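Written below as structure tokens is the structure these notes are about.
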Amino acid sequence: MALDIKRFTARFVEEAREHLVNLEAGLAALQQEPADQEVVNAIFRSAHTIKGSSRMLRLAPISDTAHRLEDLLGALREGTLTYSHALAQLLQSGIDAIAAQVDEVAQGRELAPPDEALCAALARPLTPDAETAKPAESVPVAAAAPGEIKFKAADSVRIPLEKLDELIKLMGEVVSSHARLRQRSRDIRAIERDLRAGSAGRGARVADFARELKDDVQAQEALMEELHGKALILRMLPLLMVFDPAPRMVRDLARSVGKEVECLVSGSEIELDRQLIDRLGDPIVHLLRNAVDHGIEAPDVRAKAGKPRHGRVSLSARQDDGGVIIEVRDDGAGLSLEAIRDKAVKKGLASAEQVALFTEAEVIDLIFLPGFSTSAIITDVSGRGVGMDVVKRCVVDELQGAIQVESKPGVGTTFTLRLPRSLAVMRMLLVAAGGQTFGFTAPHVSQLLRLPADQLLEVAERHAVLIRNEFVPVVSLAQMLSLPAQPAGADLLLVVVQTQSEKLALRVDDLIDERNMVIKPLPPHLAGLPLVAGMVMTGRNQLVSVLQAPALVGMARRGSAGSKQTTIPAASQVRVLVVDDSLNTREIEKDVLEAHGYHVTLAEDGLDGLAKARNGEFDAVLTDVEMPNMDGFALTAALRQEERYRDVPIIIITSRQKEEDQRRGIQVGADAYIVKGDFDQSRLIDTLKSLLG
Amino acid sequence: MSEQASALDAILARKQQTAGEVVSVDEALVKLVFFSLGEQWYAFHGENISEVLAESEVFFLPGCPASLEGVINVRGDIESVIRLRAVLGLPDSNGITGSRILLGQARAMRSGIRVDRVEEVIDVQESAIQPPPHTIPEHLRPIVLGIVSFREHLVHLLDLERIFEDYRAGLR
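The following block contains the structure:
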């Protein structure tokens, strides 16, 4: 059902083969000159590009292999690994494996999973180093008044003379390239004269001309790309600017609140565009403050819990998939869901009934709401300045990134920021909708789908599509932007965009292009427009709006909330527990049920479901099968052990179609088994109605 | 209409005494950009208009207010295009050919401004600018700096600083 898009596959094959040639050539060059950093950089980039573009097309076997290759090359580049003949052979076998996989793709064949032995071999040189590579605690920075911590934004950049010289050399190349083009212009005029005169051998001359012109255009393109790349590098700064003051700051903060905290920093050599470095300071300061103030417990509390009195906060960065991942991790108590729920209710951000039904992830999401702060009293440390809502807005909207929270009670909390390396040039997908062209940045695009219109599911007066055991709402991009609908073809073309926890499938009319593009900012007075991140210019000098995927997801959610109100009939007393680990699926099932007057409670896995079932009373339970912690079969079996749930209808909704699974479902005590693929809302409601009698 | 006509007569009469469009060396001059929306003529101070753009393709910008036509590319910079008709509360001009975009620059912001026709860019004497008469509609009063009589038109001299300031405040 999920088809990858052929046109993009063809381009990928072409691009990947080019990079494979670069990899081969680079490896050969390394044999001559093992320490040549430029060569290492070049082949690292090639491996990286292959990984990125294969991932976008969901060619996981290729991206996996390329990822390992890239890791190795990254270590070589950073000097944690030294060149050896054995390493070269390993790299060569990785390149060969990718080449073979690309050939398979070119022939339109399904990819086999990557060679495990090879992947393991590629990973091996890196494993023993993992521990020792961590730097010891950084040396404290001199002079900075305690409490007065501010990261300085750089107004100027120091550029090594040699980089500038390279740029100037390239400018010289541009001039000579232009001279060649002038010559072509003379050539075509001569050919024109010949044509008029009707002299012999015209065909050959035109063919020559076309070939030469093509060569020139290609050379020009390469030159431009190099120039652009070199110019962008001038703007790159190491994360050191932001990371360096962190250990001292953390120690000072800890002292001021009577805690003992050490701070570990790693990855500060990773470079990002100045624009990002400048704006990263505030969110990182806030996350560190948050970790010290709320994350790490007081020394006595820690001692009682059997932990070292010394808390630990780590700030680390690593490269990943065309971007950089920054983690702020503490080994504190973890987020208190109870405290968050209470605070949200006290602040009027949600009602007590609402938060009681929230899943863990939804509760954690509350901390990103404007006006939320978990501190009981406003403290000197994190009670003022930017809040978590500002952190999120900065990371998601301004820096085109994503933020994720992971928290385990007693073990600690980790905030993960995923950021692009530069905002100036980004991988861009261009699509057509409603007669206009729009762009999406690659980090926000989860996948592309083409499927027949009849595979669209209709749930709660909305459309949805089943992607890997998850219902994803489908909306027409043109309709969302109030543009006229275009006549639809037989197949639907969907761009699936993703924010932290939600997906949205946008119906578009056509896919136009996918390439690296320069994003131009909107004028300052339009910076508040939520839908548009900036503009890109296409080859035909058209300006195209780059859409903010998070804003679209938010808009779709609000749209559905609005329509829901009109469809809810008189309140019913039937309470249904919906258990599914996918947010989208839960929400859609909830919409369907609420539209038919049921009262719905959500749970995000079997354990959560079991706890909620025990603490509440439900007239029916709907559950998925594959879930973390406890699957749907186990949940069903466990519920049947409970006095109260012996006879309550349990419906399993799953993408597993196998008969043995169905048998197993009935065995453990489910009353009905609905396969998501042929899910339609009336069937669910009818089943539920008949079971409830 | 008769009110306007009498106001025009009064101004014309005054103007007769100040030598009309003939430039007198003693007097300070101001550069004005004259343009029209339908039959009505308007002017901006020349110092607020950095250029007059012809034939610029305007591109769609999703989610922008109706008074914003879209964006244009001015030598690599993205600039917005404001429909002046919408700002002044005038109906859309359908199918006017030869309309132009003025590139306006004020302290609050910079933007393109869509006008029906650009009539003239010329220096006039400061004294030719008369205070706005009471007959000016309420909603225009804050943005009209004065009235200039030019080629038998009663021209509203508009305050671009104020228009852009209000526009920007409205976007927030």
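Just so you know, the sequences run in chain order G and R.
Heads up, the first sequence is in the numbering used here, so the first residue is 1 and it goes up one at a time.
Heads up, the second sequence is in the numbering used here, so the first residue is 1001 and it goes up one at a time.
Positions of the beta carbon are idealized from the N, C-alpha and C atoms, including for glycine.
All figures in this text were calculated on a predicted structure; none of them were measured in a lab.
Run of the beta strand (DSSP E) containing residue i, from where it starts to where it stops
| i | result |
| --- | --- |
| N1073 of chain R | L1068 to V1074 |
| E327 of chain G | G323 to D330 |
| F1034 of chain R | L1029 to L1037 |
| T65 of chain G | Unbroken run through T65 of chain G is the alpha helix (DSSP H), A60 to E78; no beta strand (DSSP E). |
| Q404 of chain G | A402 to K408 |
| V395 of chain G | V395 of chain G -> no beta strand (DSSP E), and no H or E assigned at all. |
| V475 of chain G | F471 to S476 |
Residue i vs residue j beta-carbon contact at 7 angstroms
| i | j | result |
| --- | --- | --- |
| H19 of chain G | T49 of chain G | yes |
| V474 of chain G | H463 of chain G | yes |
| A97 of chain G | L126 of chain G | no |
| L477 of chain G | V508 of chain G | yes |
| V1144 of chain R | I1136 of chain R | yes |
| V1087 of chain R | S1067 of chain R | yes |
| V324 of chain G | R235 of chain G | no |
| L72 of chain G | S46 of chain G | no |
| L288 of chain G | F243 of chain G | no |
| V1081 of chain R | G1070 of chain R | yes |
| I651 of chain G | A672 of chain G | yes |
| G1104 of chain R | E1079 of chain R | no |
| M1109 of chain R | R1151 of chain R | no |
Below-7 angstroms beta-carbon distance, residue i vs any chain R residue
| i | result |
| --- | --- |
| H444 of chain G | no |
| L526 of chain G | yes |
| M517 of chain G | no |
| S545 of chain G | yes |
| P484 of chain G | no |
| K564 of chain G | Caution applies to K564 of chain G, whose pLDDT of 36 falls short of 50 and renders its modelled position unreliable; the model cannot decide the point. |
| P550 of chain G | no |
| L694 of chain G | For chain G, the structure presents residues 1 to 693; residue 694 of chain G sits outside this window and is missing. |
| D509 of chain G | no |
| M535 of chain G | yes |
| E481 of chain G | Looking at the sequence shown, residue 481 of chain G is not Glu but Leu. So, interface residue. |
| R384 of chain G | With a pLDDT of 37 at R384 of chain G, under the threshold of 50, the modelled position of that residue is not reliable, and the figure given next carries that caveat. For R384 of chain G, the answer is no, since every Cβ of chain R falls outside 7 angstroms of its Cβ. |
| L692 of chain G | no |
First and last residue of the uninterrupted alpha helix (DSSP H) at residue i
| i | result |
| --- | --- |
| K343 of chain G | L337 to K346 |
| M171 of chain G | L161 to A197 |
| Y1167 of chain R | L1160 to L1171 |
| R251 of chain G | A246 to S256 |
| L684 of chain G | Q681 to L692 |
| C119 of chain G | E116 to A123 |
| A611 of chain G | G606 to N615 |
| V363 of chain G | E360 to D365 |
Proximity test, Cβ basis, 7 angstroms: residue i and chain G
| i | result |
| --- | --- |
| P1062 of chain R | yes |
| N1073 of chain R | yes |
| F1044 of chain R | no |
| S1080 of chain R | yes |
| R1107 of chain R | no |
| D1171 of chain R | The amino acid at residue 1171 of chain R is misidentified as Asp; the sequence shows Leu. Yes, L1171 of chain R counts as interfacial toward chain G. |
| D1159 of chain R | no |
| R1162 of chain R | no |
| F1034 of chain R | no |
| P1168 of chain R | It is Arg, not Pro, that sits at residue 1168 of chain R in the sequence shown. Yes, R1168 of chain R lies at the interface with chain G (some Cβ there is under 7 angstroms from its Cβ). |
Candidates the options, of which the one nearest residue i by Cα
| i | options | result |
| --- | --- | --- |
| T654 of chain G | G:E642, G:F633 and G:Y645 | G:F633 |
| A291 of chain G | G:H310, G:T414, G:D282 and G:K392 | G:T414 |
| P484 of chain G | G:P521, G:V497, G:Q436 and G:V465 | G:Q436 |
| L635 of chain G | G:A60, G:Q657, G:G665 and G:E660 | G:G665 |
| V313 of chain G | G:F368, G:P247 and G:A453 | G:P247 |
| M627 of chain G | G:E604, G:V648 and G:L610 | G:E604 |
| G334 of chain G | G:H286, G:L276 and G:E406 | G:E406 |
| N469 of chain G | G:L337, G:H67, G:K503 and G:G332 | G:K503 |
Cβ neighbours of residue i in the same chain (closer than 7 angstroms, five flanking residues each side left out)
| i | result |
| --- | --- |
| R586 of chain G | V578, D580 and L602 |
Proximal residues to residue i (C-beta, below 6 angstroms), its chain only, five neighbours per side dropped
| i | result |
| --- | --- |
| H1156 of chain R | Y1042 and V1144 |
| D510 of chain G | A432 |
| I149 of chain G | For I149 of chain G, the pLDDT reaches just 36, beneath the cut-off of 50, and the residue's location in the model is therefore unreliable, leaving the point undetermined. |
| L429 of chain G | F440, V445 and E514 |
| L69 of chain G | A47 and G94 |
Same chain only: Cβ atoms within 8 angstroms of residue i, ignoring 5 sequence neighbours per side
| i | result |
| --- | --- |
| L232 of chain G | D273, S422, A424 and V425 |
| A453 of chain G | A488, A490, D491 and L492 |
Residue i Cβ short of 6 angstroms to the ligand NAD heavy atom set
| i | result |
| --- | --- |
| G306 of chain G | The ligand NAD is not among the ligands present in this structure, which contains no ligands whatsoever. |
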